[in-house]
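Trainee: Handing you a structure now.
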Amino acid sequence: MTKPGKNGLTYSDAGVDIDAGNLLVEKIKPAVRSTRRPGADGEIGGFGGLFDLKAAGFKDPVLVAANDGVGTKLKIAIDANFHSTVGIDLVAMCVNDLVVQGAEPLFFLDYFATGKLDPDQGAEIVSGIAAGCREAGCALIGGETAEMPGMYQGGDYDLAGFAVGAAERGALLPAGDIAEGDVIIGLTSSGVHSNGYSLVRKIVGLSGLAWDAPAPFADGKTLGEALLTPTRIYVKPILRAIRETGSIKALAHITGGGFPENIPRVLPRHLAAEIDLSAIAVPPVFSWLAKTGGVEPKEMLRTFNCGVGMIVVVPADAERAVTAALEAGGEKVISLGRMIARGEDAPGVVYKGTLGL
Numbered sequence: 001m002t003k004p005g006k007n008g009l010t011y012s013d014a015g016v017d018i019d020a021g022n023l024l025v026e027k028i029k030p031a032v033r034s035t036r037r038p039g040a041d042g043e044i045g046g047f048g049g050l051f052d053l054k055a056a057g058f059k060d061p062v063l064v065a066a067n068d069g070v071g072t073k074l075k076i077a078i079d080a081n082f083h084s085t086v087g088i089d090l091v092a093m094c095v096n097d098l099v100v101q102g103a104e105p106l107f108f109l110d111y112f113a114t115g116k117l118d119p120d121q122g123a124e125i126v127s128g129i130a131a132g133c134r135e136a137g138c139a140l141i142g143g144e145t146a147e148m149p150g151m152y153q154g155g156d157y158d159l160a161g162f163a164v165g166a167a168e169r170g171a172l173l174p175a176g177d178i179a180e181g182d183v184i185i186g187l188t189s190s191g192v193h194s195n196g197y198s199l200v201r202k203i204v205g206l207s208g209l210a211w212d213a214p215a216p217f218a219d220g221k222t223l224g225e226a227l228l229t230p231t232r233i234y235v236k237p238i239l240r241a242i243r244e245t246g247s248i249k250a251l252a253h254i255t256g257g258g259f260p261e262n263i264p265r266v267l268p269r270h271l272a273a274e275i276d277l278s279a280i281a282v283p284p285v286f287s288w289l290a291k292t293g294g295v296e297p298k299e300m301l302r303t304f305n306c307g308v309g310m311i312v313v314v315p316a317d318a319e320r321a322v323t324a325a326l327e328a329g330g331e332k333v334i335s336l337g338r339m340i341a342r343g344e345d346a347p348g349v350v351y352k353g354t355l356g357l
């Protein structure tokens with residue numbers, strides 16, 4: 001137990017280092033500045049972040065907000081001592097949820113909590129957040145760093161993110177005219193993204209592999225590095241396709257719950273998505289997880305994205321134009337299926353073919 005000095009206890013004696021917090025703020029200022037965009041030009045350090053919707057070019061906007069975290073993927077980052085990419089995941093999980101509603105992400109705020117603040121580690125994490133913001137075209141306008149000794153053990157930390165976007169009134173998705181025969185397009189994922197990592201970590205435990213062991217499914221990478229591949233950010237290609245074609249009716253971000261939980265969220269009750277599983281080129285990481293963990297295909301589909309991170313619904317006659325716009329934005333596009341009539345007690349997703357695990 002720390003004994004009081006002649007002038008009594010300090011906050012530092014309790015485990016909170018204000019100087020370390022101030023140092024972190026100075027370290028991250030260049031990264032934060034790199035995310036500036038029209039509407040957001042201020043410095044961090046104030047009591048609140050500002051954003052000017054008029055300067056961003058909006059006339060009659062509706063605001064859309066989303067928040068999320070990175071989940072137990074953080075535990076791999078901590079155990080593997082690799083912190084530069086989880087900030088990208090944090091941004092991706094929020095901004096991908098905005099763009100599926102037709103909204104352009106405008107600004108982002110983060111919450112970083114740890115037991116003992118390491119300014120270099122914190123700066124590495126925030127640099128990843130800034131990289132994600134640049135990729136999504138949104139400004140990092142503020143955040144909170146909380147040093148809480150006794151709440152987090154060892155090197156543990158947690159992240160939460162908050163994003164706000166906007167769309168002009170009347171332009172929000174899903175559209176109200178989704179119809180039987182509309183086509184379903186899939187955008188490939190970068191890997192596991194940020195869902196299902198409690199199961200991933202359990203499977204890694206069964207494998208007996210260390211985080212610094214060569215990844216069995218990714219040449220030239222360690223297991224930890226490969227599993228920390230950041231979540232793909234789909235914002236700019238999707239916004240481009242929305243604006244160039246005007247033909248996207250609905251989008252679904254494939255996160256926890258996979259196809260069966262996420263796709264029906266954007267569909268009318270009388271329609272179901274018919275998905276051809278054989279059209280998906282399943283990335284090797286999912287095959288390794290399924291084989292090593294003995295995970296059944298049905299469980300894989302309701303836990304992981306299995307290679308498809310985003311679903312796009314378009315009219316059949318617009319499939320070619322939307323595909324071209326998405327590919328021009330750097331996306332790999334899969335023709336996945338179509339909308340079909342749904343019976344009263346039928347599932348919202350129906351599968352054809354077999355998942356190539």
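Those letters in the sequence shown? Residues 1 to 357, per the UniProt record's numbering, in order.
Just so you know, even glycine gets a beta-carbon here, dropped at the ideal spot from N, CA and C.
Keep in mind it's a predicted model, so treat the numbers as computed, not measured.
For N22, which three-state DSSP category applies?
Mentor: N22 falls in the helix class under three-state DSSP.
Trainee: So F304 and G196 are in contact, right, with Cβ under 8 Å, and what is the actual spacing, rounded?
Mentor: Yes, F304 and G196 are in contact; Cβ-Cβ is about 5 Å, under 8 Å.
Trainee: Report the three-state DSSP secondary structure of T145 (helix, strand or coil).
Mentor: Note: T145 maps to strand in three-state DSSP.
Trainee: Using CA atoms only, rank isn't needed, just tell me which of L251, L206, L109 is closest to W288.
Mentor: The shortest Cα separation from W288 among L251, L206, L109 belongs to L206.
Trainee: Where does R232 sit, in a helix, a strand or coil, going by DSSP?
Mentor: It is coil, neither helix nor strand.
Trainee: If you follow the alpha helix (DSSP H) that M300 is part of, which residue opens it and which one closes it?
Mentor: Unbroken alpha helix (DSSP H) run through M300: 297–303.
Trainee: Less than 8 Å separating the beta-carbons of I185 and V95?
Mentor: Result no, Cβ atoms of I185 and V95 do not sit closer than 8 Å.
Trainee: How is the beta strand (DSSP E) around R338 delimited, first residue to last?
Mentor: Looking at the DSSP string, the run of the beta strand (DSSP E) that includes R338 is 333–341.
Trainee: Could you tell me the alpha carbon to alpha carbon distance between H270 and V183, rounded to whole angstroms?
Mentor: Whole-angstrom Cα-Cα distance: 16 Å.
Trainee: Extract the residue ranges of the alpha helix (DSSP H) inside the region 53–102, only unbroken runs of 4 or more that lie entirely within it.
Mentor: Taking only runs of at least 4 residues, the alpha helix (DSSP H) segments lying wholly in the region 53–102 are 73–80, 86–99.
Trainee: Would you say V314 and K249 are within 8 Å of each other, going by their C-beta atoms?
Mentor: Contact flag set, yes.
Trainee: What's the C-alpha gap between S194 and G69?
Mentor: Computed Cα separation, rounded: 9 Å.
Trainee: Check D345 in the structure and name its three-state DSSP category.
Mentor: Three-state DSSP puts D345 in coil, outside helix and strand.
Trainee: How would you label F47, buried or exposed, when you count the other beta carbons within 10 angstroms and need 16 or more for buried?
Mentor: Answer is exposed; the Cβ neighbour count stays below 16.
Trainee: Tell me the DSSP bridge mates of Y157?
Mentor: For Y157, which the question treats as bridged, DSSP gives the partners T114.
Trainee: What are the partner residues of P214, as DSSP defines its beta bridges?
Mentor: DSSP lists T222 as partners of P214.
Trainee: Tell me, to the nearest whole angstrom, how far the beta carbon of P105 is from that of A40; I am working on the premise that it is less than 8 Å.
Mentor: Contact doesn't hold; Cβ gap of about 11 Å is too wide.
Trainee: Who does D317 pair with in a DSSP beta bridge?
Mentor: Answer is none; D317 lacks a bridge partner.
Trainee: Only counting the same chain, and skipping five residues up and downstream in sequence, which positions put a Cβ closer than 7 Å to that of A123?
Mentor: So the list reads L24, K27, I28, once near-sequence residues are dropped.
Trainee: Is the separation between the beta-carbon of A31 and that of A146 shorter than 8 Å?
Mentor: No, Cβ-Cβ distance for A31 and A146 is not below 8 Å.
Trainee: Which stretch, first to last residue, makes up the alpha helix (DSSP H) that contains E261?
Mentor: Element bounds for E261: 258–262.
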